[in-house]
Each structure stands twice: as C-alpha cells, then as structure tokens.
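See below for the structure under consideration.
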Amino acid sequence: MTSALWLNGDDVHDALDAFEPVAPLVEELLAGDGGQPPAATGSYRGQEVLIVEDPAMAVSFVLSRRAVHRIHRAGLTAAVARRLVGPTAATICIVGSRESATVHMTMLAKRLENVAHVAACVLGDAADRSVAPGTLDDLFMAGVSLSVGNNVNEALFGANLVVIDTAGVELRVDWASPRAVIVNTSGQDLPAAVVERAATVYVDDLRLLPEHQHRDFVRRNRTGCASSNGRPRGRPRGHRAAPDIGDLKTLLRGDRCAPPFPARFVLVELLSVGTISRRFALGIGRAALNLGLGQRIDNPRPRQHGE
Numbered sequence: 169m170t171s172a173l174w175l176n177g178d179d180v181h182d183a184l185d186a187f188e189p190v191a192p193l194v195e196e197l198l199a200g201d202g203g204q205p206p207a208a209t210g211s212y213r214g215q216e217v218l219i220v221e222d223p224a225m226a227v228s229f230v231l232s233r234r235a236v237h238r239i240h241r242a243g244l245t246a247a248v249a250r251r252l253v254g255p256t257a258a259t260i261c262i263v264g265s266r267e268s269a270t271v272h273m274t275m276l277a278k279r280l281e282n283v284a285h286v287a288a289c290v291l292g293d294a295a296d297r298s299v300a301p302g303t304l305d306d307l308f309m310a311g312v313s314l315s316v317g318n319n320v321n322e323a324l325f326g327a328n329l330v331v332i333d334t335a336g337v338e339l340r341v342d343w344a345s346p347r348a349v350i351v352n353t354s355g356q357d358l359p360a361a362v363v364e365r366a367a368t369v370y371v372d373d374l375r376l377l378p379e380h381q382h383r384d385f386v387r388r389n390r391t392g393c394a395s396s397n398g399r400p401r402g403r404p405r406g407h408r409a410a411p412d413i414g415d416l417k418t419l420l421r422g423d424r425c426a427p428p429f430p431a432r433f434v435l436v437e438l439l440s441v442g443t444i445s446r447r448f449a450l451g452i453g454r455a456a457l458n459l460g461l462g463q464r465i466d467n468p469r470p471r472q473h474g475e
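When you read off a place in the sequence shown, starting at 1, and then add 168, the result is the number in my numbering.
So, in structure tokens, the structure goes:
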C-alpha cells in the first residue's frame, strides 16, 4: 500500500524552489493533443484537492487544488510575458487576491528579465494586503520595487504588463496603457470598454472557444466555433467592429514573430487554466517530497469526487 503526502497551499508554493512550472506548461499547451490525462480531484479536510499517485516513489500526493491552480495560472502568464513583453523593462500591474498576487509577482520577478516595478492591487480586506517576508526578499534580490494598494486604476498607471486574476469579482477598469499586454486568467469578462480597445485578443486554445460562447470577446467577434483548420471563422459582414482573435500558440512556438506594440493594447485570454494535468501535479508533488515538505497522512486515499 502506498503512503500519502498532504501538501497544503504553503507546501505547494514552497515546492517552486525545486520545480520550474513554465516549461512543462508550454510543452503541454503546444502539444495540444489532449494526451495528458487530468489529475483526479477529491476532498480532504474540507478542501478541494488534486490526487496523483507516484508508483515509482510509492506515494500518493494530495495537493491543495486552489494552490496548484494559482501556480498554473502564474506559469502560463510568465510564458506569455516572456514572448510578448520580451527583454524590455517591465512595469507590472497584478490585480487579484493576496495569494494569487504573491505567486504572480514571485514568478514574474524570477523569470522575466528587467522587471523594474510591481504594482499589486490586492482585492479584499485591508488585513489581506500584507506581503510575506520571503516574497519581499525575492523582489529585493531581483532589484524589483513594490507598491501595494486596492485602487485598480492607480496600479494600472504606466504598466506595460497587466495580470488579471480576479475570480468572482466585478472589475472596474477605466484606463490601460495603449502599449500594454493584458493577461486575463480570471475566466470572466473584462469590462466591455477594455475589450473594445484591444488590438487583438490572443487565446491559448482556439478549440475551447465553443465552450466559451458566453464570453463577451467571443460574442463580439462572432467566432464562437473554430473552423475545420482550427482557426476562427471570419466576422459576419456588418457586424460591429471587434478585436481579431489570434492563436497564442503560434507566438509561443515561434511560428510567427510577436507583433510590434500597436497603438492599442494586446489582450490575452487564458482559457485552459481550469484543467490540471496529472503530470503537472506530479511534478509539484515530487519537488515537495524532495524538499521535505508536506505531512504524511493516515488515510492514503482521500475521497475522490464521484465516489
């Protein structure tokens, strides 16, 4: 019988010291064949968890689902930033909860060159806006200055990379730099005025568009179903002007060069962040095990969904 290792949110985040998430996430995204089975889901101690078995190590990993999803979103965001922002000096605005903002700022500061400043707009109670000492140390060592507040438009000022990670929160955005890259990982619509001013909306997986017919940028473009070649269909004649939908994979693969910064900003919608592969969760689990993180639990098989 295999043993089980419980990894709470802190353990999952600390595993990043021995786990590089960006490369495997890009590899999975570009493979695009659905060949990686998803991690099993379940519950443990009242929390939503991911459960993966590692026969080679004779252990089952039980991971905080919320924490793994935060790393997943932050890793894909870092991949986008590397390609679209490039080596230019970056001023980053991160809008989200304290936990999501912390993961994003650490991920980007360590993996994106020439980050000058991070402005974090932390949504929630004022008590939730403190920054962990370890995160401050990471930013200091990378030469990155930090400001923390709760005003979205103040945080947006001057940012050329904007990360939106706000699930279930109505976001009011009045302004964004015309040359910014906005990455929306929230799974919900940005204000209509923001979508209308985007030059292009890049999507990480065009095959998921039919599942997102309800999204504003899909309705506006009227390309809810991909054509047989995997590309969006054209906009019907006479339809209101809307940003074109582009394939993010072509940029990540290098099939096409990142476009020069236009007069309007670029919007990236990450639609694939809802599913975690077994391989990705296993990588985090093995890193945590090697670092001595986690807690051995008596119940080697937490209740899986559907049981």
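Quick reminder that beta carbons are idealized off the backbone N, C-alpha and C, glycines included.
From Arg238, Leu435, Asp306, residue whose alpha carbon lies closest to that of Val371: Residue Leu435 is the option with its Cα nearest to Val371.
Opening and closing residue of the alpha helix (DSSP H) in which Phe385 lies: Counting along the chain, Phe385 sits inside the alpha helix (DSSP H) bounded by residues 384 to 389.
First through last residue of the beta strand (DSSP E) which encompasses Val290: 283 to 290 is the span of the beta strand (DSSP E), which, as asked, contains Val290.
C-beta contact flag for Val253 and Leu329 at 7 Å: Yes, the Cβ-Cβ distance between Val253 and Leu329 is below 7 Å.
Beta carbon of Arg266 nearer than 7 Å to that of Val236: No, Cβ-Cβ distance for Arg266 and Val236 is not below 7 Å.
DSSP-derived helix/strand/coil call for Thr270: Three-state DSSP puts Thr270 in a helix.
8 Å CB neighbourhood of Asn352 in its chain, flanking five on each side removed: In the same chain as Asn352, and ignoring 5 residues on each side of it, the C-beta atoms closer than 8 Å to its own belong to Ile332, Leu358, Leu435, Val436, Glu437, Leu438, in chain order.
Straight-line Cα distance separating Pro189 from Gly200: Cα to Cα, Gly200 sits roughly 17 Å from Pro189.
Simplified DSSP state of Glu188, which is helix, strand or coil: The DSSP-derived three-state label of Glu188 is coil.
Residue of Gly460, Val217, Val248, Gly311 minimising C-alpha distance to Asp415: Measuring from the Cα of Asp415, the nearest candidate turns out to be Val248.
Cβ-Cβ separation, Val341 to Val369 (assumed contact under 8 Å), whole Å: So it is not a contact: roughly 15 Å between Cβ atoms.
Beta-carbon proximity check, Val220 vs Ala449, cutoff 7 Å: Cβ distance < 7 Å, so Val220 and Ala449 count as in contact.
Asp155 versus Pro411: straight-line alpha-carbon distance, rounded: As displayed, the chain neither begins before 169 nor continues past 475, which places residue 155 out of reach and without an answer.
Segments of 4+ residues assigned as alpha helix (DSSP H) that fall wholly inside the region 174 to 261: Complete alpha helix (DSSP H) runs here, min 4: 177 to 182, 190 to 199, 233 to 252.
Coarse secondary structure for Asn319, derived from DSSP in three states: Coil.
Rounded separation between Ala323 and Ser345 - CA only: Approximately 11 Å between the Cα atoms of the pair.
Option nearest Ala360 by Cα separation, candidates Leu374, Pro378, Arg347, Asp384: If we check each option's Cα against that of Ala360, Asp384 comes out closest.
Limits of the unbroken alpha helix (DSSP H) element including Asn458: That run of the alpha helix (DSSP H) goes 446 to 458.
Under the three-state DSSP convention, the category Leu439 falls into: Correct three-state label for Leu439: coil.
Local Cβ density within 10 Å of Leu198, reported as buried at 16 or more and exposed below that: Around the Cβ of Leu198, a 10 Å sphere holds fewer than 16 other Cβ atoms; the residue is exposed.
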